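Taking this note's numbering, I'd label the letters of the sequence shown as residues -15 to 425. Beneath this line is the structure, given in structure tokens, with notes to follow.
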Amino acid sequence: MAAAQGEAFVGIPRIRYEGPDTDSMLAFRHYDANELVEGKPMKDHLRFAVAWWHSFRGTGSDPFGAPTMRRPWETKGDSLEAALDRVAVGFEFMEKLGVGFYCFHDRDVAPEGATLAESNRHLDAVTARLREHQERTGIRLLWGTANLFSHPRYVHGAATSCNAEVFAYAAAQVKKALEVTHALGGAGYVFWGGREGYQCLWNTDMKRELDHLARFMHMAVDHARQIGFTGQFYFEPKPREPTKHQYDFDCATCINFLRANGLEKHVKMNIETNHATLAGHEMQHELEYAGLQGFLGSIDANTGDPLVGWDTDQFPTDIYLTTRIMHVILKYGGLAPGGINFDAKVRRESFEPVDLFHAHIGGMDAFARGLKIAAAIRADGRLDQLVRDRYASWSGDLGRRIEAGSESFASLEQAMLAKGDAAPCTSGRQELFENLVNTYL
Ligand code: XLS
Ligand code: NI
Ligand code: NI
């Protein structure tokens, strides 16, 4: 068992559901873990996870300024000892918050060593510590991943690097990250592009890079099979940042890539709100697109700032946004074995430890409300009925024959020549739809 350590979040109680009328800002107003929604406890709908990188490694530095975060327990730099101590801090936070899951990159939890072998030893030591705390608390790993973008060796990317040895190193790193994820009983493994993309097309062999990315993912899938890891693989889209064009641009691009390379049986989407908007989509669009294709896996819950325009990774507090997200998720039968990972960071100006609690409480309550509102919309049924009405002609004779594939251009031409013109369209009633949704908020 880990050596006894002092409390990190001194004076912060276990966060409990106190209902909408509580005066406390360190309580849930809407997230009640065991409350049933559509017959299932909220905690099983939402499967909240804390992102190790933002919450326990975020420093608050930005391109213009130094770190701002006050973290009294961070006294040992980026050492293995610090990494081991930090595990207790992370689990204290998650226990007090009452979340069931966390997510990490290999290099968030354990420091990179001087050699690959040393990095692997660090990771093994921290994995043992993580496992102790998982067993003690019942908190589980939603997904693991490898950081293939911070170290200078990955300057040109990892799987899509122009340097074959960098590809090999990245393969070794992912092999180990998969083994660690498996050892911790992780429910999934994420590929996010990192620097898999380009800054300039003149110096880039795009075909070769995309082929290498596919080869890399196949090797990961093969290795998972060899070690008996049966968790779900995810691909996380992002259109730009850090490269000007990321190969995992959006859901449509990723799904095409997976299908074109025979990976569609192994990989689903991990969809992040701020990445969706960077790609010029609403999050609802990305979820719907992945869902209808059978690729809806997990989500990275955050939000961007329309006036900033980059991946600001803010905590989600907009109930209209969470309602739209949960409406699609319920429609496609839920996320499990995926979940809702707060890939979000407190603002640079929110530098006290308690701000981590305010941030997560707000995100969890926003999703709880979104879930309840989405369930109310579905239970009421008026919205669904209005959509069905809009497509009513497709349930008539002609519509059914077209959908069944028993009409042709020639037969349709005959039908319309005989009629002279199509039946008049009905109103789309967008404003009515929008007003109706607002009645549930
Ligand atoms: C960065 C990504 C990253 C992934 C995991 O923009 O969101 O945090 O979720 O590598
Ligand atoms: Ni993410
Ligand atoms: Ni992001």
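Each residue gets a CB set at the ideal place from its N, CA and C atoms; glycine is no exception. In this text, all values refer to a predicted model and were calculated from it rather than measured experimentally.
Query, Result
"Taking C-alpha atoms, which residue in L340, T296 and C235 lies nearest to E225?", "T296"
"Output needed for Y273: all residues of its chain with C-beta closer than 7 Å, excluding positions within five of it in sequence on either side, in chain order.", "C235 and A236"
"Any heavy atom of ligand 3 inside 7 Å of the beta-carbon of H38?", "no"
"Between the region 8 to 27 and the region 328 to 348, do at least 3 Cβ pairs fall closer than 8 Å?", "yes"
"Three or more C-beta pairs under 8 Å: does that hold for the region 333 to 340 against the region 285 to 300?", "no"
"Starting from the N-terminal end, write out each residue whose C-beta falls within a distance shorter than 7 Å of any non-hydrogen atom of ligand 4.", "Only ligand 1, ligand 2 and ligand 3 can be found as ligands here, which leaves ligand 4 out of the picture."
"Can you say whether A407 is buried or exposed, counting buried as having 16 or more other CB atoms within 10 angstroms of its CB?", "exposed"
"Spatial neighbours of S390 within its chain, please: CB distance less than 6 Å, with the 5 preceding and 5 following residues excluded, ordered by chain position.", "none"
"Examine ligand 1 and report whether any of its heavy atoms sits within less than 7 Å of the Cβ of V174.", "yes"
"In this structure, does DSSP put W378 in helix, strand or coil?", "helix"
"Between which two residues does the beta strand (DSSP E) harbouring R124 extend?", "R124 to T129"
"Quick one: what's K252 bridged to in DSSP?", "Y218"
"Among the residues of its own chain, which have a CB less than 8 Å from the CB of R31, if the five just before and after it don't count?", "G84, F85, L126, L319, A320, G322, G323 and I324"
"Can you tell me whether T257 is helix, strand or coil according to DSSP?", "helix"
"Leaving out five residues before and five after H250 in sequence, what residues of the same chain have Cβ atoms less than 6 Å from its Cβ?", "V205 and F217"
"E346 lies in the alpha helix (DSSP H); which residues open and close that run?", "Checking the displayed sequence, the identity of residue 346 turns out to be Gly instead of Glu. Its alpha helix (DSSP H) spans residues P337 to D364."
"Could you tell me whether any non-hydrogen atom of ligand 1 is closer than 7 Å to the CB of H89?", "yes"
"Taking F151 and H117 to be in contact with their CB atoms under 8 Å, please state how far apart those CB atoms are, rounded to whole angstroms.", "Not really, about 34 Å apart at Cβ, beyond 8 Å."
"For G44 and L367, what's the separation of their Cα atoms in angstroms?", "43 Å"
"Going along the chain, which residues of its own chain have a beta-carbon closer than 6 Å to the beta-carbon of T301, five neighbours each way excluded?", "G346 and A350"
"What are the residues that DSSP puts in a beta bridge with H202?", "In DSSP, H202 forms no bridge with anything."
"From the DSSP output, in three-state form, read off F151 for me.", "helix"
"DSSP state of G181, grouped into three classes?", "strand"
"Count the CB pairs spanning the region 63 to 73 and the region 97 to 109 that are closer than 8 Å, and state whether there are at least three.", "yes"
"Take the Cβ of W36 as the centre, count every other Cβ of all protein chains shown within 10 Å, and call the residue buried at 16 or more, exposed below.", "buried"
"For E220, does the count of other Cβ atoms within 10 angstroms reach 16, so buried, or fall short, so exposed?", "buried"
"By the DSSP assignment, the beta strand (DSSP E) with A33 in it spans what residues?", "F32 to A35"
"What number of angstroms, rounded off, separates the C-alpha of P51 from the C-alpha of V330?", "13 Å"
"Whole-angstrom Cβ separation of H14 and P4, contact assumed at under 8 Å?", "7 Å"
"Going by DSSP, what residues sit across from H89 in a beta bridge?", "T129"
"Look up L280 in the DSSP assignment and say whether it is helix, strand or coil.", "strand"
"Take every Cβ of the region 182 to 192, pair it with every Cβ of the region 200 to 215, and state whether three or more of those distances are shorter than 8 Å.", "no"
"Run through DSSP, which three-state label would H38 get?", "helix"
"For E149 and F88, what's the separation of their Cα atoms in angstroms?", "25 Å"
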